[in-house]
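Take a look at the structure set out below.
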DNA sequence: GAGCCGAATGTTTACGTAAACATCCTGGCC
DNA sequence: GGCCAGGATGTTTACGTAAACATTCGGCTC
């Protein structure tokens, strides 16, 4: 009876665990619907204690090979998988990072998230994603709240957009890293060198002999967009060039096309620096339609380095961001906080950008094109 | 002493919770690093039982307003957030869905995932993502294993690519839904109507008077790619047209460009159906470079309906997939299993596609262009 | 005014895992 | 042959939450 050997009667108990038609099933809509086998059931089947099952499951302690095999067989038979909730409760960690992004399908977002997911996987972490409805501080905060109620050890905010450190209701003690330079100083941040990228783009066009460079900006409430616009203006001013009124886009090709038609109609326009590649594609579209040749009449530069940039017509000169490095830096910075408990509030990392010159930019036209 | 009033000494205990330099921190690398306040601490501070805190936390039971306020104040003071692991352990549910994808940043993937994330959010679920390294069965299975050890209630496999139902080591009882028609019949599946899309595209070109339609296929081990290729061939054969040897791409614009140069060099080519829009962009690039006019000399059709398609040059005729609907259907199908425990193995849903005609397609040229 | 109902709140317990501690057993040594 | 070391395994306990059950107390009915 008290022998530590097999206890078939407990095995019998385990057998009663069933998923369907349990009378209590309707007491709560979200009461556990299916009952996965637990360590206790595996233990009963293998004729060992649940602690031994735990040891086998973790592969840590010494377990006699014969015992181990018996446990593994029992696990296989029952389809056992460790209960993550219980483990996490025990450990206080989920080995999971949260990611907050807005419009996940956009270039910068999806590539950053992909890089974050990969870097996290390399470190043994999984990633939980929340896509916020709008970049408003309220929605971002709501997402933070949602995620902080989820099972995460740390939080990556891919682009805070219009949120500021003050408006973010971050739970105390939750390690955070932000991909937005506005948070430099208050939260650990990783940012691409937006200003340098814009400067490179504008300088490239000036070096080609263009008198000035027009600009299709991103949304006003986006900090990366503003950084690019500011650097564009600074570069022109530093060079003593006239600064035309920037046109306003919203990152999409559609608005690029819309404002591109205005640019195409203005014979003074010979060089355009676009807030991102999608916008540049729209501008190219409008220029083609208006019969203005690229780069003979107008040069166009984008920003981001989407994979399609090389195969637009003409292939687009653009400022490439290293999304992979941004993603891995975000994870690295976050995990240093999560694992080592380091306070990195003041830290930030700037990831360099790279100007890739393709056929969409060329020397300024010798004389004003066509009419005028 | 035994009075149910305030117990400041316990508040003191809570105050000792610190994150740095705890001597036990080095016993295990992953031992809980920071200690969030628990219900018990909130209860002590508010002078109530932890059960009352739980009630307030859930907002369910009747709690006297004065008591509720006191608890809420205590929560705010301590920065309390419910422990998800404990909740999940209680409930047996994380209100989280797992997503397995390959190359998250690609159009179809990122848009489907975005839709899944949004649909899940609408249902109160969060999404955990695993990006598999390669679409090989081994890697997908590894990802499944990884995720099933995570905290998920159900699993979405965005594209199984080369994996088959047999090669997927799915944990028993884990609800799954797959966005891949190969799994129709074995797992609940949602698929775009690939065949119909390809048929529409090819028929559109034939209707424009093209003698036949060349094809740049996707990777051989991708089922959606094969469906499109098969439907392309069937449509040509049904129409009694010659079936040229398909060229092989890998979904990228780069290979579209590479094989596009072959197509551009062949004066017999007047119509090209590409496996996806990126490939089509590469083909357009090659055609432009070779001086072949689109659509005057060659018509090009893509597949997917990326947002940039409208602003390529010329704007690309393409078969649009309704990624948003695919995503929401995936979630709907999955949640029916998760919540109601329904077995939907045999179920599948086909999401219709739509041909969007733009300027990249036009009537077949009257006579062979140029040389020949 | 006694009894009773029900609202408000407290107490006990289980969820599955794994650390800490306890026990058992085997084999080597003298 | 007995003793002890140490490996193998079992037992107890805590993690934070919330359901189930228990208790208290105020007010209402007859």
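Residue numbers (the working numbering), protein chains in the order written: chain U, -8 to 363; chain D, -8 to 363.
All residues carry an ideal CB built from backbone N, CA and C; glycine is no exception.
query, result
"Please tell me whether residue 293/U has its Cβ less than 8 Å away from any Cβ of chain D.", "no"
"So which residues of chain D does residue 101/U contact, with C-beta pairs closer than 7 Å?", "95, 96 and 101"
"On the three-state DSSP scale, how would you describe residue 307/U?", "coil"
"What separation, rounded to the nearest whole angstrom, lies between the Cα atoms of residue 280/D and residue 75/D?", "57 Å"
"Specify, as a first and last residue, the run of the alpha helix (DSSP H) that residue 109/D falls within.", "98 to 113"
"Going along chain D in order, which residues have a C-beta closer than 8 Å to the C-beta of residue 108/U?", "95, 120, 121 and 122"
"What three-state label does DSSP hand residue 21/U in the structure shown?", "A caution first: residue 21/U carries a pLDDT of 33, below 50, which makes its placement in the model unreliable, though a value can still be read off. In the structure shown, residue 21/U sits in coil (DSSP, three-state: anything other than H, G, I, E or B)."
"Closer than 7 Å by beta-carbon distance: list the chain U residues that pair up with residue 246/D, in chain order.", "Under the 7 Å cutoff, chain U gives no residues; its nearest Cβ is about 11 Å from residue 246/D."
"For residue 259/D, is the classification buried or exposed, using 16 other Cβ atoms within 10 angstroms of its Cβ as the cut-off for buried?", "exposed"
"Verify the CB distance criterion: does residue 349/U have a CB-CB separation below 8 Å to chain D?", "no"
"By the criterion of Cβ-Cβ separation under 8 Å, what are the contact partners of residue 273/D in chain U?", "302"
"Within the same chain, show all residues whose beta-carbon is closer than 6 Å to that of residue 145/U, passing over the 5 residues directly before and after it, in chain order.", "88, 166, 325 and 329"
"Given a threshold of 16 other Cβ atoms within 10 Å of its Cβ, counted over all protein chains shown, does residue 170/U qualify as buried or as exposed?", "buried"
"Tell me where the beta strand (DSSP E) around residue 295/D begins and ends.", "290 to 295"
"Please report how far the alpha carbon of residue 128/U lies from the alpha carbon of residue 268/U, in whole angstroms.", "26 Å"
"Could you pull the start and end residues of the alpha helix (DSSP H) that residue 75/D belongs to?", "75 to 82"
"8 Å is my cut-off, CB to CB: does residue 77/D come that close to chain U?", "yes"
"So which residues of chain U does residue 269/D contact, with C-beta pairs closer than 7 Å?", "299"
"Count the other CB atoms within 10 Å of the CB of residue 190/D; is the residue buried (16 or more) or exposed (fewer)?", "buried"
"Below 7 Å between beta carbons is the criterion; list the residues of the region 251 to 265 of chain U that meet it against any residue of chain D, in chain order.", "none"
"Once you ignore the five residues that flank residue 315/U on each side, which residues in its own chain have a CB closer than 7 Å to its CB?", "106"
"DSSP three-state call for residue 356/U: helix, strand or coil?", "coil"
"Give the DSSP-derived three-state secondary structure of residue 260/U in the structure shown.", "coil"
"Rounded to a whole number of angstroms, what is the C-alpha to C-alpha distance between residue 202/U and residue 288/U?", "13 Å"
"What is the DSSP secondary structure of residue 230/U, reduced to helix, strand or coil?", "coil"
"Alpha carbon to alpha carbon, how far is residue 275/U from residue 227/D? Give it in angstroms, no decimals.", "35 Å"
"May I ask you to report which of helix, strand or coil DSSP gives residue 190/U?", "helix"
"Determine the contact status of residue 119/D and residue 95/D, defining contact as a CB-CB distance below 8 Å.", "no"
"Can you tell me whether residue 218/D is buried or exposed, with buried defined as 16 or more other CB within 10 angstroms of its CB?", "buried"
"8 Å is my cut-off, CB to CB: does residue 150/D come that close to chain U?", "no"
"Whole angstroms are fine: how far does the CA of residue 312/D sit from the CA of residue 349/D?", "16 Å"
"For residue 346/D, does the three-state DSSP call read helix, strand or coil?", "strand"
"Counting only C-beta atoms, is residue 276/D closer than 8 Å to chain U at any point?", "yes"
"From residue 184/D to residue 216/D, what distance separates their C-alpha atoms?", "12 Å"
"Using a Cβ-Cβ distance cut-off of 8 Å, determine whether residue 226/U contacts chain D.", "no"
"Would you mind working out which of 232/U, 180/U and 212/U sits nearest residue 198/U, comparing C-alpha positions?", "232/U"
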